[in-house]
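A.B. asks:
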Amino acid sequence: MKAEKQIILGALDCFAPGFLAQGMWAHPADRTADFNSLSYWTDYARLLERGLFDLLFLADTVGVYDVFGGSRDAALRLGVQVPINDPFVLIAALAGATSNLGLAATGNLLYEPPYLFARRLSTLDHLTGGRTGWNIVTGILASGAKAFGRDLMGHDERYDFGDEFMEIVYRLWEHSWEDDAVIQDRTRQIFTQPDKVHEVAFHGRHLQMSGIHLTAPSPQRTPILFQAGASGRGKQFAARHAECMFVNGTSRASLARAVADMHRALAEQGRTPDQVRILAGLTVIVGETQAQAREKQEAFKAAASAEATLVHASGGLGVDLSRYPYDGEIEYSETDANRTLMENLTRQPDGSRVTIRQVAEKMSLSSRNLLIVGDADQVAQEMIAIVAETGIDGFNLARVLMPDSLEDFVRLVVPRLQERGAYKTGYRPGTLREKLGLGDGARIAANHYGRLLGQEAAIAG
Ligand SMILES: Cc1cc2nc3c(=O)[nH]c(=O)nc-3n(C[C@H](O)[C@H](O)[C@H](O)COP(=O)(O)O)c2cc1C
Numbered sequence: 002m003k004a005e006k007q008i009i010l011g012a013l014d015c016f017a018p019g020f021l022a023q024g025m026w027a028h029p030a031d032r033t034a035d036f037n038s039l040s041y042w043t044d045y046a047r048l049l050e051r052g053l054f055d056l057l058f059l060a061d062t063v064g065v066y067d068v069f070g071g072s073r074d075a076a077l078r079l080g081v082q083v084p085i086n087d088p089f090v091l092i093a094a095l096a097g098a099t100s101n102l103g104l105a106a107t108g109n110l111l112y113e114p115p116y117l118f119a120r121r122l123s124t125l126d127h128l129t130g131g132r133t134g135w136n137i138v139t140g141i142l143a144s145g146a147k148a149f150g151r152d153l154m155g156h157d158e159r160y161d162f163g164d165e166f167m168e169i170v171y172r173l174w175e176h177s178w179e180d181d182a183v184i185q186d187r188t189r190q191i192f193t194q195p196d197k198v199h200e201v202a203f204h205g206r207h208l209q210m211s212g213i214h215l216t217a218p219s220p221q222r223t224p225i226l227f228q229a230g231a232s233g234r235g236k237q238f239a240a241r242h243a244e245c246m247f248v249n250g251t252s253r254a255s256l257a258r259a260v261a262d263m264h265r266a267l268a269e270q271g272r273t274p275d276q277v278r279i280l281a282g283l284t285v286i287v288g289e290t291q292a293q294a295r296e297k298q299e300a301f302k303a304a305a306s307a308e309a310t311l312v313h314a315s316g317g318l319g320v321d322l323s324r325y326p327y328d329g330e331i332e333y334s335e336t337d338a339n340r341t342l343m344e345n346l347t348r349q350p351d352g353s354r355v356t357i358r359q360v361a362e363k364m365s366l367s368s369r370n371l372l373i374v375g376d377a378d379q380v381a382q383e384m385i386a387i388v389a390e391t392g393i394d395g396f397n398l399a400r401v402l403m404p405d406s407l408e409d410f411v412r413l414v415v416p417r418l419q420e421r422g423a424y425k426t427g428y429r430p431g432t433l434r435e436k437l438g439l440g441d442g443a444r445i446a447a448n449h450y451g452r453l454l455g456q457e458a459a460i461a462g
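In the numbering used here, the protein residues as written are 2 to 462.
This is the structure we're talking about:
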């Protein structure tokens, strides 16, 4: 099959002992346990650049997965996203070790003031030469809120809070400094022209501030914005803000539905599908032959931790799965955690119910991602077919074994994709936004909400 468009590829991971393939850090051939060392990540990032990956995408969790068994012990014992380090610090460390790779990290907007957050992201965008991305999340863990002395805000209210936060950071990034504010005129000793820097003032229900942005405009100004909300309110939020969206789905039909939903939500915000890139989570197990790939899959399944998978799923659902019998079915309940995961596990299109055992077994390697197992040609063909049939633009690839899964992918699958015209053979110049063909040059699109804010009499001073 010849490809119609070039696939965008991200590598999905976490600054912790593993992310989605639960418990694989304990596999004798796995390197993840070295995640605190810089060389682990520079090797990782260089491998991704060898494979021409568009970006490294770092998930993050504020709080501990302590829903399973009503305790944090299992998460600590099994290394389920704890210990976890700050992914934005990692971006700074990788800026100098890479030259083309996009570096995107997840930042929970509930727990830090937008003023400092905006400065940190602008700083990273300067240091990476415009390769920084931010995955906007509002969090699902009550333990995170408790650590800040609060209760977890309600599901939809978190997104309302998020809209206020976004308005502040857009005003700082897009509207505080004019393009020609900094002149660095040595003769006249003028670094910045004061009349070209404007105060931002915001008085919302949750947040208030006034001040100028502390950082001069970075190459992208607003970093590339990622979002993965999938509930009704989550989609609305994503459609207003995101330039790259994640969708989860374990079948082509569910992905195609998610893409169509997202396109509808975009239209309501006056945006068009070509202004976003939609990526689906994907796990690939590739072998020299199909039989070898299947053997690997069985070996990985035996090594993965069912208990850790349930710890992760319990946190995601906000429901303690240890309280159900292992062959018991999960029942729908409304929680303030991940609504979409709950819907997916309890409301199957065919009316069937999912048991705890099925969650433990099916999600242990690939969580809610698509899973492709096969030789390189099969994997490449399947990826191309999924893109053609669902309307997604690419994948966020979650590895199983580190680094073998990614090395195999780069060595075996990337050339097969390239032969079929489905993958680039070199990086485009420019910022991450330009490499992804998004936006208005390096800047966020002119009709994006964050740019349009500047058209009101919003900026005082
Ligand atoms: C690929 C992908 C990556 C995600 N990464 C994170 C993450 O790193 N941290 C986080 O708190 N939530 C993460 N989420 C969860 C979403 O941001 C969101 O909270 C979740 O989809 C529930 O939103 P909803 O209730 O609007 O459906 C991720 C979701 C997806 C699909």
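Even glycine gets a Cβ: it sits at the ideal position worked out from N, Cα and C.
Less than 7 Å between the CB of I279 and some heavy atom of ligand 1, yes or no?
C.D. replies: Outside the cutoff, so no.
A.B. asks: Near G71, what residues of its chain come up, given a Cβ to Cβ distance below 7 Å and the 5 sequence neighbours on each side ignored?
C.D. replies: Excluding sequence neighbours, G71 sits near D321.
A.B. asks: Would you mind stating whether A377 and L413 have Cβ atoms separated by less than 8 Å?
C.D. replies: Yes, Cβ-Cβ distance for A377 and L413 is below 8 Å.
A.B. asks: T62: beta carbon under 7 Å from a heavy atom of ligand 1?
C.D. replies: Yes, ligand 1 has a heavy atom inside 7 Å of this Cβ.
A.B. asks: Here's the rule: buried if 16 or more other CB atoms are within 10 angstroms of the residue's CB, otherwise exposed. What is P88?
C.D. replies: Classification for P88: buried.
A.B. asks: If you run the structure through DSSP and keep just helix, strand and coil, what is H264?
C.D. replies: Three-state result, H264: helix.
A.B. asks: Going by DSSP in three states, Q209 sits in which element: helix, strand or coil?
C.D. replies: In this structure, Q209 counts as strand in the three-state DSSP scheme.
A.B. asks: At a cut-off of 7 Å, would you count I141 as near ligand 1, judging by its Cβ distance to the nearest heavy atom?
C.D. replies: Yes, ligand 1 has a heavy atom inside 7 Å of this Cβ.
A.B. asks: Count the other C-beta atoms from every protein chain shown that fall within 10 angstroms of the C-beta of Y171, then say buried if there are 16 or more, exposed otherwise.
C.D. replies: Counting Cβ neighbours within 10 Å, Y171 comes out buried, since at least 16 surround it.
A.B. asks: Looking at the unbroken alpha helix (DSSP H) that takes in G317, where does it start and where does it end?
C.D. replies: It spans 307-318 - the alpha helix (DSSP H) in which G317 sits, taken as one unbroken run.
A.B. asks: Since T284 is in the beta strand (DSSP E), which residue starts that stretch and which ends it?
C.D. replies: T284 -> beta strand (DSSP E) spans 278-288.
A.B. asks: With DSSP as the reference, label I385 as helix, strand or coil.
C.D. replies: Of the three classes helix, strand and coil, the one that applies to I385 here is helix, per DSSP.
A.B. asks: So within the stretch 85-130, which uninterrupted beta strand (DSSP E) runs reach at least 3 residues, ignoring any that extend past its ends?
C.D. replies: Runs found: 103-109.
A.B. asks: Is L49 close to ligand 1? I mean its beta-carbon at under 7 Å from any heavy atom of the ligand.
C.D. replies: No, the Cβ of L49 stays beyond 7 Å of every heavy atom of ligand 1.
A.B. asks: Which value, in whole angstroms, describes the spacing of the CA atoms of W178 and T124?
C.D. replies: So the two alpha carbons sit approximately 15 Å from each other.
A.B. asks: DSSP three-state call for A60: helix, strand or coil?
C.D. replies: If DSSP states are grouped into helix, strand and coil, A60 belongs with the strands.
A.B. asks: Cβ of G235 versus every heavy atom of ligand 1: is any distance shorter than 7 Å?
C.D. replies: Checking every heavy atom of ligand 1 against the Cβ of G235, one is found closer than 7 Å.
A.B. asks: Could you tell me if R241 is buried or exposed, where buried requires 16 or more neighbouring beta carbons within 10 angstroms of its beta carbon?
C.D. replies: Buried, because 16 or more other Cβ atoms sit within 10 Å of the Cβ of R241.
A.B. asks: Could you check what DSSP says for M364 in three-state terms: helix, strand or coil?
C.D. replies: Looking at M364 - three-state DSSP - the assignment turns out to be helix.
A.B. asks: Find the nearest neighbour of P163 within the set T139, I92, T43, I445, judged by alpha-carbon distance.
C.D. replies: Contrary to the premise, residue 163 reads as Gly rather than Pro in this sequence. Selected option, being the one with the closest Cα: T139.
A.B. asks: Between the C-alpha atoms of D126 and G150, what's the straight-line distance to the nearest angstrom?
C.D. replies: Using only the alpha carbons, I get a separation of about 31 Å.
A.B. asks: For the beta strand (DSSP E) that contains D376, what are its first and last residues?
C.D. replies: Here the beta strand (DSSP E) through D376 covers 371-376.
A.B. asks: In three-state DSSP terms, what is I460?
C.D. replies: Any reading at I460 must be qualified, since the residue scores a pLDDT of 43, below 50, and its modelled position is unreliable; no value is offered.
A.B. asks: Please state whether DSSP places G70 in a helix, a strand or coil.
C.D. replies: Of the three classes helix, strand and coil, the one that applies to G70 here is helix, per DSSP.
A.B. asks: For D157 and N339, I'd like the C-alpha separation in whole angstroms.
C.D. replies: Roughly 11 Å between the two C-alpha positions.
A.B. asks: Going by the beta-carbon positions, is the gap between L91 and T43 smaller than 8 Å?
C.D. replies: No, these two residues do not count as a Cβ contact at 8 Å.
A.B. asks: Report back the beta-carbon spacing between L173 and R132 to the nearest angstrom; my notes put them in contact at under 8 Å.
C.D. replies: Actually they do not touch by this definition, with Cβ atoms about 20 Å apart.
A.B. asks: Looking only at its chain, what residues have a beta carbon closer than 7 Å to the beta carbon of F36, apart from the 5 residues adjacent to it on each side?
C.D. replies: Hits under 7 Å: F16, A17, P18.
A.B. asks: If you scan the stretch 229-266 from start to end, which runs of the alpha helix (DSSP H) of 4 or more residues do you find wholly inside it?
C.D. replies: Whole alpha helix (DSSP H) segments, 4+ residues: 233-242.
A.B. asks: Go ahead and pull the three-state DSSP assignment for D321.
C.D. replies: Residue state, collapsed to three classes: coil.
A.B. asks: Enumerate in chain order the residues of its own chain whose CB-to-CB distance from R500 is below 7 Å, with the five nearest sequence positions on each side excluded.
C.D. replies: The structure shown does not extend to residue 500, since the chain is modelled only from 2 to 462, so the question has no answer here.
A.B. asks: Any heavy atom of ligand 3 closer than 7 Å to the CB of L13?
C.D. replies: As presented, the structure is devoid of ligand 3, carrying ligand 1 as its sole ligands.
A.B. asks: Any heavy atom of ligand 1 within a distance shorter than 7 Å of the CB on T341?
C.D. replies: Yes - ligand 1 has a heavy atom lying nearer than 7 Å to the Cβ of T341.
A.B. asks: By the three-class DSSP mapping on this structure, what secondary structure does H156 have?
C.D. replies: Correct three-state label for H156: helix.
A.B. asks: Taking DSSP as the reference, what is the three-state secondary structure of A76?
C.D. replies: DSSP places A76 in helix when its eight states are reduced to three.
A.B. asks: Is V138 a contact residue of ligand 1, with contact defined as CB to any heavy atom under 7 Å?
C.D. replies: Checking every heavy atom of ligand 1 against the Cβ of V138, one is found closer than 7 Å.
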